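What follows is a short report on a single structure.
There are 2 protein chains.
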Amino acid sequence: MSDSTTTSPDLTQVHNSIPEPHIVEHMAQVFGILADPGRIRILTALSNGPLKVRDIAGATHQSQSSVSHSLRLLRAHHVVTVTRIGREAFYTLEDRHVQSLLELTLTHVAHEDHNH
Amino acid sequence: MSDSTTTSPDLTQVHNSIPEPHIVEHMAQVFGILADPGRIRILTALSNGPLKVRDIAGATHQSQSSVSHSLRLLRAHHVVTVTRIGREAFYTLEDRHVQSLLELTLTHVAHEDHNH
DNA sequence: TGAATGTATGAACATTCTTTCATATATTTA
DNA sequence: TAAATATATGAAAGAATGTTCATACATTCA
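Read top to bottom, the protein sequences are chains W and R. If you count the first sequence from 1, position 8 lands on 369 in our numbering, and the numbers rise without skipping. If you count the second sequence from 1, position 31 lands on 392 in our numbering, and the numbers rise without skipping.
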């Protein structure tokens, strides 16, 4: 319709296949949340069920402060939710999407790692 | 078996459920690669088939230099491969894992976005 | 009420990322 | 060979990120 060769890509279509800016930025944000070993540890820990901040810190070998800062970020992005009981705060993994991203990546990485 | 209450989590098991450090760091790296709008655009553009650097830059609205730097990173992590023909460089999306991460996240984000 | 405990947060600092600018390298064309 | 074209890259600057330290806040216990 537009070009003489069939091997060269249709640049207009390539351009149209790219999602809208706010979608792309949102995607980048999601990946950014997961681009930190500490937060990955927190999230995999929470995949066993709700945990107190102190226990998260213990299980993931991080300082209480660092964990708290991470949880704040995860809360802001609705990845986890808090339930406060007395002076304790129980965090729950809320976002199933994020969880599937972690699982998918874990299997891929573990697989790759196994073949090298 | 070990505790009186059934509601409290087994912290040892929580700890064991966290993947080994080098795996977690590898996962974080993968997510880090995708945590940038420019690279997400490049990768979705490449999902249509191989493209020259110049066309990638055009389709994704980025400078040639910026695209080249990004491609260097993607190359280093075996996400894309180059094929040079003359003075042109054709880049191909090589990593299907990364592609599925992008697809999964796109559908999730687009969905979320639709409900808000 | 005062001390202890659990969590949250602000500021500061170090580190890592991203982009731009200038320029290098390689290849083709005139 | 010189000019033009396509891509790559190093350095620099600015932005964003993660950690620590000190401290605040809230709740429970003595």
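Glycine included, C-beta positions come from ideal geometry on N, C-alpha and C. The model shown is predicted, which means the values in this text are computed figures rather than measured ones.
Does the distance from the C-beta atom of residue i to that of residue j stay below 8 angstroms?
{"i": "VAL470/W", "j": "VAL440/W", "result": "no"}
{"i": "GLY399/W", "j": "GLN423/W", "result": "yes"}
{"i": "GLU417/W", "j": "TYR452/W", "result": "For the sequence presented, residue 417/W should be read as Ile rather than Glu. In contact: ILE417/W and TYR452/W (Cβ atoms closer than 8 angstroms)."}
{"i": "LEU465/W", "j": "LEU404/W", "result": "no"}
{"i": "GLY447/R", "j": "ALA396/W", "result": "no"}
{"i": "LEU467/R", "j": "MET388/W", "result": "yes"}
Can you find a CB in chain W that lies within less than 8 angstroms of the CB of residue i?
{"i": "VAL375/R", "result": "yes"}
{"i": "GLY447/R", "result": "no"}
{"i": "SER461/R", "result": "yes"}
{"i": "ARG415/R", "result": "no"}
{"i": "LEU395/R", "result": "yes"}
Please list, in chain order, the chain R residues whose beta carbon lies closer than 7 angstroms to that of residue i.
{"i": "THR421/W", "result": "ILE379"}
{"i": "GLU469/W", "result": "Note on residue identity: the sequence assigns His, not Glu, to residue 469/W. Near HIS469/W (Cβ distances below 7 angstroms), the residues of chain R are HIS458."}
Applying a beta-carbon distance threshold of less than 8 angstroms, which residues of chain W neighbour residue i?
{"i": "LEU454/R", "result": "Under the 8 angstroms cutoff, chain W gives no residues; its nearest Cβ is about 12 angstroms from LEU454/R."}
{"i": "GLU386/R", "result": "PRO398"}
{"i": "LEU412/R", "result": "PRO370 and VAL375"}
Residue range of the beta strand (DSSP E) that residue i falls in?
{"i": "ILE446/R", "result": "441-446"}
{"i": "ALA450/R", "result": "449-454"}
Counting only Cβ pairs nearer than 7 angstroms, list the residues of chain W close to residue i.
{"i": "HIS477/R", "result": "What HIS477/R touches in chain W: nothing, since even the nearest Cβ is about 11 angstroms away."}
Mind checking which residues open and close the alpha helix (DSSP H) that includes residue i?
{"i": "ALA420/R", "result": "414-421"}
{"i": "SER429/R", "result": "425-437"}
{"i": "ASN409/W", "result": "Premise fails: ASN409/W is in no alpha helix (DSSP H) and is neither H nor E."}
{"i": "ALA389/R", "result": "382-395"}
I'd like to know if residue i contacts chain R, where contact means its C-beta is closer than 8 angstroms to some C-beta of that chain.
{"i": "SER432/W", "result": "The question names Ser, but residue 432/W is Leu in the sequence shown. By this cut-off, LEU432/W is not an interface position."}
{"i": "VAL428/W", "result": "no"}
{"i": "PRO370/W", "result": "yes"}
Drop a sphere of 10 angstroms on the beta-carbon of residue i, count the other beta-carbons inside from all chains shown, and report buried for 16 or more, exposed for fewer.
{"i": "ALA420/R", "result": "buried"}
{"i": "HIS475/W", "result": "exposed"}
{"i": "ALA406/W", "result": "buried"}
Which residues of chain R have a Cβ atom closer than 8 angstroms to the Cβ of residue i, listed in chain order?
{"i": "LEU465/W", "result": "HIS458, SER461, LEU462 and LEU465"}
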